[in-house]
Each structure stands twice: as C-alpha cells, then as structure tokens.
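**Student:** Residue numbers (my numbering): 20 to 450. Questions regarding the structure given below will be posed in turn.
Okay, here's the thing in structure tokens:
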C-alpha cells in the first residue's frame, strides 16, 4: 500500500518511510491510499490481537511485517477497558491505564517500537520533535526514554498545562529535553512543523515526529476503538457509539478510521472545550483557525487542529464531512459542574477532558437517545488534582506510574516562540 500527503505535493511512499519522516516534505500529513476492511472474525480477548489484525493490511509491504505481532504485544501490554457507568447503556472507554495515565500512551509506545525496529545500527541518532498541550509529550518521553538511537525534544506552552502535567514533561532527563515555550500550543505546533519541514536542517539532523500528525500515532489509536466496539457487539449485539473529547483531532480521526474499516461503530460525536474551531465549522461556518483560549481542559486547547487536513482529505466536500460528524463546545463552567456532579450521576471522577464528553452524554439522554454510548476517558483525573479535588471534596490518588514520575525531580528549559531559537537548539543537540 502507498501513502500520500494530504497536500498532494509529495511522491507516494511506503509506510516505513512515512513513519520515519513523521511529516510529509510538503508540510502535509501522510494518509494511506485506502482504508482496508477489517476481516470478519470473532471479537478478540486481547487488545494487542485486535491491534495486530487492524494494522496488518497497512504493514503488508513493510520491513516490519513479520515483527508486527511482537510490536503489538509490547505496545499494547496494558488494557483499555470498557466500563459501565451508573445508567443503563452509559459506558466509559478508559484509556488512562498506561505509564503516563493518558490515551497517548498506546500509540506512542507502538511508534517507538516501530521506529526502533526500523532503525539501522549505523544510523545517526534521531531527534523526535513533539509539541504537546499536556499529555502527548509525557507519553512520547516515556516511550523513547533511554531508547538507544533516539532523543526527544518536547515543546509545551509555559503555564498552560496542569502542574502535574508539567512535572511529567520535565522529569525524564538523559535523552529527553523539555522546553517550556513562551506561547500557546498552536505556537508549539507551528515550531515543530517548521522544524520537520526544514529540509536544510533535516539534511544535517535526523528528525521525526510523534505528534498525531504522524501516521504512526493515527493508525495505532484506531485499535482500541475497534476492540471496544467488537467486544460490545459480541456481548450485546449492537453497534457502539462514541463521544470523543478532542483538540487536535488525532483521537477523533482514529475513531473514524476504525469506523470506516468496518468496526461495529455507530455514530461518532466530538466534544471540545471553549476552543470552538471545530463546532463552528461543523455547524456550517467556513473553516477558520481561532486564537487559542486557555481552559480547564488544557490538553484540548487547540485553535488550529492539524488533523482537520486528514478529515477534509477523506471527504469529498464540506457537506459530506459535516453530515458524518457532530462537534459540540463545552465551556469551563459546564466542565466544573459536570465534574462536581459526576460521582453521584455517573459513579466516577472524570478529568476535565472526559467531563466534556459526559456533558454531551447527559444532553443526549435528556433528548431521549437510548442508544449505547461510550465516552472516551482520555486521562486519569489525578493528573488534574488542582482542578478536580476541590470540586469533589477529596483526594484522587495517582496511579502507580504517575506517582513514580511525580517523585522524580523535574526541569524544563525556557524557549521563545521563535523558530530561529528552536532551530539553533535542535542543531546543537543533534550535532
């Protein structure tokens, strides 16, 4: 199978080359030439087995083809359970059981395994440049920490992530360097894309990406949607509908990939925070990036979602895309109220991002929608203790891996939101 840029100015390439590059040379995002259909097989018990079945067609011509089962076993070695909430047919897809307690862990680990397997022994060290609004950077750091042949440069918006998220970005050391950027996430994302599109820099430095712009992040995330939907259909004989909290659209695109590959997925709805670029567009306005606003659900503070390029590529017109997806913005006051009521209403304590999805679920139930819906829980609430704990009146113990990270010292280097400054840093660390 060939892989193309969404911008159409790059020759077709292999999946191995697309994974290694991260971003296409023309600045576009790689997409497969087709989305193959999942084989009609019984629901699998292990997430790794579902991942292998879903990813196999994409890796049919890859040097990693024979190693795919091994890569999946290593990457998907923690669960993605589908949990029942307090009300009938209300479900939660828990994606926070990995080493950094966020959904990014699954695909970051797969990408790290794949790039390590593709790396030649005599290859120069590769620097993974990653922009993060809070969770991606930690997942990538954990996946590549102490991994031979790789460095990680994390760009995050200074003062716009939770204290525990910031600690989780700067607590690694060794081959991982965190930079706190004087700007918002969109500024960090612009800097990362500039570096990855800088052919002169790439001629002297080996660079790649682990953001959701990377095909190696998109495809592996589709696995947990396919797995949850197959498990639900096997038990209940019904397709499962998903509510996906989203900022940069990577997780949402993964749900769409699973759906279009034939997983038993019904409707997909998107929940955003007050950064309403997507709700405006899906309601009929022209697509226009908005200035980023800081919110309680900071990992979704994105005004220019990169993966919109992939969505627009896959649909023939704005009308077709708008017919396929609904997006709703949720403000901070509603997030606060939802978190406060969640233990009694839903039987859980959500993070602020998951709360946006719960709010959409409550609205659907109030309208009489009785279909099975799963809200995607994108992160553990303990990562947002300063927000969540005052609202519920008690402490939220962090999971073991997060507690270990919080016990380590952390530091991050300040960085101006200026590409020349970043370029000089990258040139220095890759020299």
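Note that CB positions come from ideal geometry on N, CA and C, so glycine has one too. Owing to the predicted nature of the structure, the values given are computational and were not obtained by experimental measurement.
Rounded to whole angstroms, what is the Cα-Cα separation between residue 365 and residue 294?
**Tutor:** By one-based count along the chain shown, residue 365 stands at place 346. By one-based count along the chain shown, residue 294 stands at place 275. If I take the Cα positions, the gap works out to 26 Å.
**Student:** Flag this pair as yes or no: are the beta carbons of residue 177 and residue 195 separated by less than 8 Å?
**Tutor:** Numbered from 1 along the chain shown, position 158 holds the residue referred to as residue 177. Numbered from 1 along the chain shown, position 176 holds the residue referred to as residue 195. No, they are not a contact pair.
**Student:** Hey, could you find the ends of the beta strand (DSSP E) residue 147 is sitting in?
**Tutor:** In the chain shown, residue 147 corresponds to position 128, counting from 1. Per DSSP, residue 147 belongs to the beta strand (DSSP E) from 145-150.
**Student:** If you run the structure through DSSP and keep just helix, strand and coil, what is residue 326?
**Tutor:** Counting from one through the chain shown, the residue named residue 326 turns up at place 307. Here residue 326 sits in coil by DSSP.
**Student:** For the alpha helix (DSSP H) holding residue 411, just list the boundary residues, first then last.
**Tutor:** In the chain shown, counting from the first residue as 1, residue 411 sits at position 392. Run containing residue 411: 404-411, per the alpha helix (DSSP H) assignment.
**Student:** Would you kindly check if the distance between the Cβ of residue 406 and the Cβ of residue 371 is under 8 Å?
**Tutor:** Walking along the chain shown from the start, residue 371 turns up at place 352. Walking along the chain shown from the start, residue 406 turns up at place 387. Their beta carbons are under 8 Å apart, which means residue 371 touches residue 406 by this criterion.
**Student:** Determine, using beta carbons only, whether residue 428 and residue 190 come nearer to each other than 8 Å.
**Tutor:** Working through the chain shown from its first residue, we reach residue 428 at position 409. Working through the chain shown from its first residue, we reach residue 190 at position 171. In this structure, residue 190 lies closer than 8 Å to residue 428 by Cβ.
**Student:** Within the continuous alpha helix (DSSP H) that includes residue 371, where are the two ends?
**Tutor:** What you label residue 371 is simply residue 352 of the chain shown in a count that begins at 1. Taken as a continuous stretch (DSSP letters only), the alpha helix (DSSP H) holding residue 371 covers 371-385.
**Student:** Based on the DSSP secondary-structure assignment, which residues constitute the bridge partners of residue 288?
**Tutor:** Your numbering for residue 288 matches position 269 in the chain shown. Bridge partners of residue 288: 262 and 345.
**Student:** DSSP three-state label for residue 173, please.
**Tutor:** One-based indexing of the chain shown puts residue 173 at position 154. In the structure shown, residue 173 sits in a strand (DSSP, three-state: E or B).
**Student:** Output needed for residue 157: all residues of its chain with C-beta closer than 6 Å, excluding positions within five of it in sequence on either side, in chain order.
**Tutor:** By one-based count along the chain shown, residue 157 stands at place 138. Correct list, in chain order: 119, 187 and 188.
**Student:** Following the continuous beta strand (DSSP E) through residue 196, name the residue where it begins and the one where it ends.
**Tutor:** Mapped onto the chain shown, residue 196 falls at position 177. Run containing residue 196: 195-201, per the beta strand (DSSP E) assignment.
**Student:** Rounded to the nearest angstrom, how far is the Cβ of residue 282 from that of residue 243, given a contact under 8 Å?
**Tutor:** For the purposes of this step, residue 282 is identified with residue 263 of the chain shown, where counting begins at 1. For the purposes of this step, residue 243 is identified with residue 224 of the chain shown, where counting begins at 1. Not really, about 10 Å apart at Cβ, beyond 8 Å.
**Student:** Tell me whether residue 225 sits in a helix, a strand or coil according to DSSP, three-state version.
**Tutor:** The count along the chain shown starts at 1 and reaches residue 225 at position 206. Residue state, collapsed to three classes: strand.
**Student:** Does DSSP put residue 394 in a helix, in a strand, or in coil?
**Tutor:** In the chain shown, the residue the question calls residue 394 occupies position 375. Residue state, collapsed to three classes: strand.
**Student:** Taking contact to mean 3 or more Cβ pairs, one atom from each stretch, closer than 8 Å, check whether the stretch 162-177 and the stretch 399-414 are in contact.
**Tutor:** These segments do not touch.
**Student:** So if DSSP puts residue 23 in a beta bridge, which residue, or which two residues, is it bridged to?
**Tutor:** Within the chain shown, residue 23 is the residue found at index 4, counting from 1. Looking at the DSSP assignment, residue 23 forms a beta bridge with 50.
**Student:** Look at residue 25 and residue 329 and say whether their C-beta atoms are less than 8 Å apart.
**Tutor:** Counting from 1 along the chain shown, the entry for residue 25 is found at position 6. Counting from 1 along the chain shown, the entry for residue 329 is found at position 310. Contact: yes.
**Student:** By Cβ distance, which residues of its chain are closer than 6 Å to residue 315, with the 5 residues on each side in sequence left out?
**Tutor:** For the purposes of this step, residue 315 is taken as residue 296 along the chain shown, with counting starting at 1. Within the same chain, residue 315 has close Cβ partners 351, 354, 371 and 406.
**Student:** Do residue 349 and residue 375 count as a contact pair if the criterion is CB distance below 8 Å?
**Tutor:** Here residue 375 corresponds to residue number 356 of the chain shown, with the count starting at 1. Here residue 349 corresponds to residue number 330 of the chain shown, with the count starting at 1. Yes, these two residues count as a Cβ contact at 8 Å.
**Student:** In chain order, which alpha helix (DSSP H) runs of at least 4 residues are fully inside the stretch 72-96?
**Tutor:** Counting whole runs of 4 or more residues, the stretch 72-96 contains the alpha helix (DSSP H) stretches 87-94.
**Student:** Of all the beta strand (DSSP E) runs that stay within the bounds of the stretch 209-257, which reach a length of 3 or more residues?
**Tutor:** Listed in chain order, the complete beta strand (DSSP E) runs (minimum 3 residues) inside the stretch 209-257 are 225-228.
**Student:** Taking Cβ positions, are residue 434 and residue 425 nearer each other than 8 Å?
**Tutor:** Here residue 434 refers to the residue found at position 415 of the chain shown. Here residue 425 refers to the residue found at position 406 of the chain shown. No, the pair does not count as a contact, with Cβ atoms beyond the cut-off.
**Student:** Are residue 107 and residue 159 touching if we call contact CB-CB under 8 Å?
**Tutor:** Start at 1 with the first residue of the chain shown, and residue 107 comes out as number 88. Start at 1 with the first residue of the chain shown, and residue 159 comes out as number 140. Contact flag unset, no.
**Student:** Hey, how far is the Cα of residue 400 from the Cα of residue 181?
**Tutor:** Looking up residue 400 in the chain shown gives position 381. Looking up residue 181 in the chain shown gives position 162. Taking the straight line from one Cα to the other gives about 11 Å.
**Student:** List the residues that DSSP assigns as beta-bridge partners of residue 433.
**Tutor:** Walking along the chain shown from the start, residue 433 turns up at place 414. DSSP lists 199 as partners of residue 433.
**Student:** Output the distance between the C-alpha atoms of residue 84 and residue 140, rounded to the nearest integer angstrom.
**Tutor:** Your numbering for residue 84 matches position 65 in the chain shown. Your numbering for residue 140 matches position 121 in the chain shown. If I take the Cα positions, the gap works out to 19 Å.
**Student:** Beta strand (DSSP E) containing residue 112: first to last residue?
**Tutor:** Looking up residue 112 in the chain shown gives position 93. Segment 109-113, the beta strand (DSSP E) holding residue 112.
**Student:** Does the beta-carbon of residue 133 have 16 or more other beta-carbons within 10 angstroms, so that it is buried, or is it exposed?
**Tutor:** Sequence index remark: in the chain shown, residue 133 carries index 114 (1-based). Result: buried.
**Student:** So residue 103 is in the beta strand (DSSP E); what residue range does that whole segment cover?
**Tutor:** Position 84 of the chain shown, counted from the first residue, corresponds to residue 103. 101-103 is the span of the beta strand (DSSP E), which, as asked, contains residue 103.
**Student:** Just verifying my parser: in three-state terms, what is the DSSP assignment at residue 32?
**Tutor:** In the chain shown, counting from the first residue as 1, residue 32 sits at position 13. Residue 32: strand per DSSP, three-state reduction.
**Student:** So residue 7 is in the alpha helix (DSSP H); what residue range does that whole segment cover?
**Tutor:** Beyond the ends of the chain as shown, which are 20 and 450, falls residue 7; an answer cannot be given.
**Student:** Taking only three categories from DSSP, how would you classify residue 121?
**Tutor:** For this step, residue 121 is matched to residue 102 along the chain shown. Correct three-state label for residue 121: strand.
**Student:** Can you list, in chain order, the residues of its chain with a C-beta nearer than 8 Å to that of residue 68? Leave out the 5 residues immediately preceding and following it.
**Tutor:** For the purposes of this step, residue 68 is taken as residue 49 along the chain shown, with counting starting at 1. So the list reads 91, once near-sequence residues are dropped.
**Student:** Grab the span of the alpha helix (DSSP H) containing residue 421 for me, first residue to last.
**Tutor:** What you label residue 421 is simply residue 402 of the chain shown in a count that begins at 1. Its alpha helix (DSSP H) spans residues 419-426.
**Student:** When the Cα atoms are used, what is the spatial distance from residue 339 to residue 155?
**Tutor:** As a first step, residue 339 is located in the chain shown; it is residue number 320 there, counting from the start. As a first step, residue 155 is located in the chain shown; it is residue number 136 there, counting from the start. Using only the alpha carbons, I get a separation of about 30 Å.
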